[in-house]
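Contents: one structure, followed by commentary.
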């Protein structure tokens, strides 16, 4: 097994590791792993899968990621896990009572963190800090905390704080902003034609305000005014903007490189994302042929990337004391009584 972890986070195919996945993961030593609904059947099964991943990696403090935003993006589902409100529900509450919305988001994030921590999951791919504009594709939609940058900053910060207080590392996404996209990057490549000054005042603003968060994820979006030839994930110009103008200095991962917004094969995209300045590439679909191809393009974590990766995992400790029953009642009451 290589001394340094490889600059990749892998998904996997099912409820348990296959022999092929065990071999590949032992050989590649990926930085971490990401779970989807296809990997989550029951609490005991998820705990076993997490233990197996730790055993393969030889690392106890292993980045195990999941997308548990609430609403339509939730990998842990009933009956074994609660159903949580979407960001849009809290955005609506913010319009009526800002402090109630901030408190409800924080408590909701603590509840989500408690679920994840109990399973051994260490990283949640949230908050979504995108600012959707009217008429944009609904791939973001109610996953966003509103249409106003200041509102998004307030509620996204509350969610990140709640996750961290619950012992879970948050991932700020999708840097530098997916809110203007007229297409779903899971299916095709969005191109944004908006001038840079407008982007800085709106789309980029939440990411600049939250630039101290430990992990971030890029957007598979072309910003024509910055780099008309490459999407953000593959663009040295956009990654430089993320680091220098926006000021994000945490661990920067790509969004899923198996999305249809990317072309040219996953090995090539892996190399280009890392060359552009992403610290780590994310590959989610669990397809073995693609994972092998990604392994051909990936390199060990570079020194700077490794330092950011280690700092991100050190950014949280044990969960702070927390009354889950009271929090659940409070969130439900705040959302219902302000309706």
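In our numbering, the protein residues as written are 1 to 339. Think of the CB as a built atom: it goes at the ideal place given N, C-alpha and C, for glycine as much as any other residue. A quick note: this is a predicted structure, and the numbers were derived from the prediction, not measured.
Sub-9 Å separation of residue i and residue j beta-carbons
| i | j | result |
| --- | --- | --- |
| residue 172 | residue 124 | no |
| residue 11 | residue 36 | yes |
| residue 219 | residue 211 | no |
| residue 175 | residue 217 | yes |
| residue 254 | residue 298 | no |
| residue 108 | residue 70 | yes |
| residue 160 | residue 196 | no |
| residue 61 | residue 313 | yes |
| residue 170 | residue 206 | no |
| residue 110 | residue 165 | yes |
Simplified DSSP assignment, three categories, for residue i
| i | result |
| --- | --- |
| residue 210 | coil |
| residue 286 | coil |
| residue 189 | coil |
| residue 237 | helix |
| residue 68 | strand |
| residue 86 | coil |
| residue 161 | helix |
| residue 6 | strand |
| residue 100 | helix |
| residue 122 | coil |
Member of the options whose CA lies at the smallest distance from the CA of residue i
| i | options | result |
| --- | --- | --- |
| residue 57 | 40, 32, 42 | 32 |
| residue 321 | 198, 313, 267, 114 | 114 |
| residue 42 | 243, 66, 77 | 77 |
| residue 24 | 129, 6, 15 | 6 |
| residue 149 | 203, 174, 181, 241 | 203 |
| residue 308 | 250, 144, 109 | 250 |
| residue 240 | 319, 205, 277, 268 | 277 |
| residue 201 | 158, 227, 246, 189 | 246 |
| residue 26 | 48, 16, 55 | 55 |
| residue 117 | 319, 323, 330 | 319 |
| residue 193 | 208, 209, 158, 229 | 229 |
| residue 99 | 80, 22, 158, 44 | 158 |
| residue 252 | 198, 311, 259, 290 | 311 |
| residue 271 | 242, 301, 244 | 301 |
Close-in-space but distant-in-sequence residues of the same chain around residue i (CB under 6 Å, 5 per side omitted)
| i | result |
| --- | --- |
| residue 64 | 33, 50, 121, 122 |
| residue 305 | 279 |
| residue 40 | 46, 75, 76 |
| residue 222 | 191, 231 |
| residue 331 | 104, 107, 108 |
Own chain partners of residue i with C-beta closer than 7 Å, once the 5 adjacent residues on each side are dropped
| i | result |
| --- | --- |
| residue 89 | 335 |
| residue 179 | 130, 131, 132, 133, 136, 140, 144, 203 |
| residue 273 | 233, 234, 254, 257, 281 |
| residue 73 | 67, 143 |
Contact set for residue i: own chain, Cβ-Cβ below 8 Å, skip 5 residues either direction
| i | result |
| --- | --- |
| residue 155 | 87, 90, 91, 94, 101, 102, 105, 127, 145, 146 |
| residue 317 | 167 |
Residue i CB to nearest heavy atom of the ligand SAM below 8 Å
| i | result |
| --- | --- |
| residue 73 | Looking for the ligand SAM in the displayed structure turns up nothing, as the structure carries no ligands at all. |
- Can at least three beta-carbon pairs, one atom from the region 281-291 and one from the region 129-136, be found at a separation below 8 Å? Judged by Cβ distances under 8 Å, the region 281-291 makes no contact with the region 129-136, as fewer than three pairs qualify.
- Task: Give a yes or no on contact between the region 71-84 and the region 291-298, applying the rule of three or more CB pairs nearer than 8 Å.
- Result: no
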